[in-house]
Every structure is written in structure tokens, then in C-alpha cells.
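*Asks:* The structure is given below, and queries will be raised subsequently.
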Amino acid sequence: ARPDASAGASRAKSTASSRRRPAAAAQGEEAGTTTHRSSASAGGPATVNAANVDTVESEELQAELEECLDTVRWASTSVTRESLQDLKAMQRPAPIVREVLEVVAMLLGSPQGKWEQLRRFIGENAFLARLQRFNFQNIVTKDQFRKLREHLGHPEFDEELIKTVCVPVVPLAMWCRAIGVYLSKTKFKGGGEIRPVAGAGASQSPQHHERARSASNDQTYMVFEPDLEHLDFDDLRRVENLTISRPGVGSITFHGATDCVGLDFERIVRLEIGEVLVYPESVSKPPVGTGLNKPATVTMYQCWPPNGSKLLQDPRSQERYKRKIKQMTEEKHAHFIDYDCASGVWKFSVDHF
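Numbers given in the numbering used here equal positions in the sequence shown, counted from 1, plus 3.
Below, the structure is given as C-alpha cells:
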């Protein structure tokens, strides 16, 4: 979740607009779950011979490869000039942001070691075209793949965690991972398995998946408390403790009295799984203390840890992960309140947005 602003906007009191992306990537990003494909049909033979096994494995592999290619295409087209400007504007980026960009530069054949070099690299006019036209199947060398595999194995190189640190760099992280998975199953077989994009940061609980899918499909609207439609003009000028929430996703409570007259919530507030933005268009952000740019408490749901089912069985691992979330929260100049691995609820407050 990001208490600061960046590009993008959402809809309030209406169906949230969907962004184009492959289904597996979307499910992994929003629900934190892994999609499993089954090739066996009901009522089939009780025994399976070797030829059938080979056929099933071949079909599953082909599906995985197509999924990787879809993710590579989606990720490369999701990187925009605006998101690159957000990255270039960072003076002291989080280590994982820098690492992702270093991996991208390495794959594109322009390894960079310093942040100023990386900023110039992503600012080149040809960067987006290079990203979208990159023929990784033929270009990536064995040495590049070895370095890629090493980076993808780092615990911090997890799309769900990266999403809580810097949203604009997430598509680039997914681009790297999808390339790594594809090459590990084709050109550079052998070695340890690379976790797929859809499984990154995933909890293995099917209940989590069902909850997330329900929230995503059936409850994509925002709820206002108190209900602004039932307030007259004078009441709208002073709404106490306004709460904007999205069922199954999260909520923001703005402390004190808020003047809601003339506020375009559709452009001001964005709530998605693992992400909260207020005034995403920085040019429209009012002075601190005005509008919604004021103290607030944010509660985010479905913020599951990576390998969640394992963490739930280890109190010490839970505590270490909670400390990590606390550190990330404070690095975003927010105030950590609580995080629960078991429920996936993350709560923090901000002085302003």
C-alpha cells in the first residue's frame, strides 16, 4: 500500500475498471493465490499409461509457457511514460526498486550499477520500445539467465512485497520473473524451479482465493460512511470521520471533520488489493489539511505473506515478517499500527497523503 501519490485513478460508487492483464497474473496480483490447471477429465480411465502422462505434462507445460508469454506482453505494455517518470523522480529508491531496474538493464544488455545511470537508462526514448520488442528467447545468454535466476531467488524479489513498496516497478518485476520462468522450462532447463508470477507472494489457502475472487467479482464498488447521498449541503461541509471502503479490499478513515463539497472521489481515491492511493494525480493535490490530504487511518485486507501457509505455523517467522512490514511502512513515512499474518490485515496511519 502506498500512502504517497502516483499516477492512476479509480471509480467511486461504481464498478471498478479492470486493467488488461493475463488471468493468472491478475489472480496472483489481486488474490495472492496460484492458479492450477488440471488436464484430467471426470469419468476418465482409472489407469494412465506413460503416453498419457507425457501428453498431460506436455499440455500443462504449453499452458505454462503461454501464460509466461502473456505476462511478458502484458507487463511490457503496462509500463508507461508516467510510471517511468515516477521512478526517475526517486532520489533514494528502496533497494528492491533499484534491484529490479538493474535486472531489467542487465537483460536488455545495458548493465548499470549506479542509480543515476539507471535513471538515465529508463529515461531513454527507446526504452519502452526495447522492452516491448525484446526477443528474450533468442537474446538472453546463459550467463544472463544465471544472474536472473539468482535475483529472482531473493526473498525481497517478490511481486506482492514489491507492490507494497513501489507500484510503478511491479510490471517490470513481473516481466523479469515471467522471462525467467519461461527460459527455465525451455532454453535453460535444469537447476532449481523458479517460482511463477501467479505464485509470487501467494498464500496456499483456497479459502483466501475464494474470498478474494468474491470481492473482486461481486463487490468492486466503494462504500461511504456516513452515506454522502443522504446528507444535505450543510452536513456535507463537515463530515465527521469519513470512511471510504471497498469490501474485501480495505478502508480509509479520515480523522476529524472533512469538507466533502465538490470532491471528485472518482479521481481522488483508489483502493485495490495491496494498494491505496489518495490524490494519484499529484497536480490536483491540495495543501495539507485540505480536502482528503489530511490525517487518516488505512486498513488493507488480503495482504498475505509469501508462503503464507508455512509462516502461519511458525510464530517466529510471523514476527520477523511483521517487523519487515513495519519497516516498509515507516520507510513510506507512515505510522505502523498492526499487521496479522493469519488474517492478512495491515493497518497504518498517515499524517497526510
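We put the CB at the ideal spot given by N, CA and C, even for glycine.
Mind checking which residues open and close the beta strand (DSSP E) that includes F351?
*Replies:* From DSSP, the beta strand (DSSP E) with F351 extends over 348-353.
*Asks:* Tell me which residue opens and which closes the alpha helix (DSSP H) that D89 is part of.
*Replies:* D89 -> alpha helix (DSSP H) spans 84-91.
*Asks:* Straight-line CA distance for E70 to R180?
*Replies:* Their Cα atoms are separated by approximately 12 Å.
*Asks:* State the Cα-Cα distance for the pair G183 and V291, rounded to the nearest angstrom.
*Replies:* The alpha-carbon atoms of G183 and V291 are separated by roughly 44 Å.
*Asks:* For a quick check, are the C-beta atoms of V301 and I255 less than 8 Å apart?
*Replies:* Taking 8 Å as the Cβ cut-off, V301 and I255 qualify as a contacting pair.
*Asks:* Check the DSSP bridge columns for T261 and list the partner residues they point to.
*Replies:* T261 is bridged to V242.
*Asks:* In terms of residues, what are the limits of the beta strand (DSSP E) holding R273?
*Replies:* Unbroken beta strand (DSSP E) run through R273: 272-275.
*Asks:* Taking DSSP as the reference, what is the three-state secondary structure of M109?
*Replies:* M109 falls in the helix class under three-state DSSP.
*Asks:* Just list the residues that DSSP pairs L253 with in beta bridges.
*Replies:* Strictly speaking, residue 253 in this sequence is Gly, with Leu absent from that position. R249, M303, per the DSSP bridge assignment.
*Asks:* Which class does E391 belong to by DSSP, given the choice of helix, strand or coil?
*Replies:* Residue 391 lies beyond the residue range present for the chain, which begins at 4 and ends at 356; the question has no answer from this structure.
*Asks:* Any contact of the region 157-165 with the region 79-88, i.e. 3+ C-beta pairs under 8 Å?
*Replies:* Judged by Cβ distances under 8 Å, the region 157-165 makes no contact with the region 79-88, as fewer than three pairs qualify.
*Asks:* Tell me the DSSP bridge mates of L155?
*Replies:* In DSSP, L155 forms no bridge with anything.
*Asks:* Counting C-beta neighbours from all protein chains within 10 Å, is the total for K297 16 or more, i.e. buried, or is it exposed?
*Replies:* Label assigned to K297: buried.
*Asks:* Where V75 and G194 are concerned, what is the direct C-alpha to C-alpha distance, given to the nearest angstrom?
*Replies:* Distance between the alpha carbons of V75 and G194 is about 22 Å.
*Asks:* Measure the alpha-carbon distance for S352 versus D146 and round it to whole angstroms.
*Replies:* Cα to Cα, S352 sits roughly 45 Å from D146.
*Asks:* Run the CB neighbour count on F257, radius 10 Å, all protein chains shown included, and call it buried at 16 or more, exposed below.
*Replies:* Answer is buried; the Cβ neighbour count reaches 16.
*Asks:* From the DSSP secondary-structure annotation, give me the bridge partner or partners of F227.
*Replies:* Beta-bridge pairing links F227 to I247.
*Asks:* Report back the beta-carbon spacing between L111 and F148 to the nearest angstrom; my notes put them in contact at under 8 Å.
*Replies:* Actually they do not touch by this definition, with Cβ atoms about 14 Å apart.
*Asks:* Tell me the DSSP secondary structure of L3 in three-state form.
*Replies:* Coverage of the chain is limited to positions 4 through 356, which leaves residue 3 absent and any answer about it impossible.
*Asks:* Between which residues of its own chain and R240 is the CB-CB distance below 7 Å, once the five residues before and five after are set aside?
*Replies:* The answer, listed in chain order, is D262, V264.
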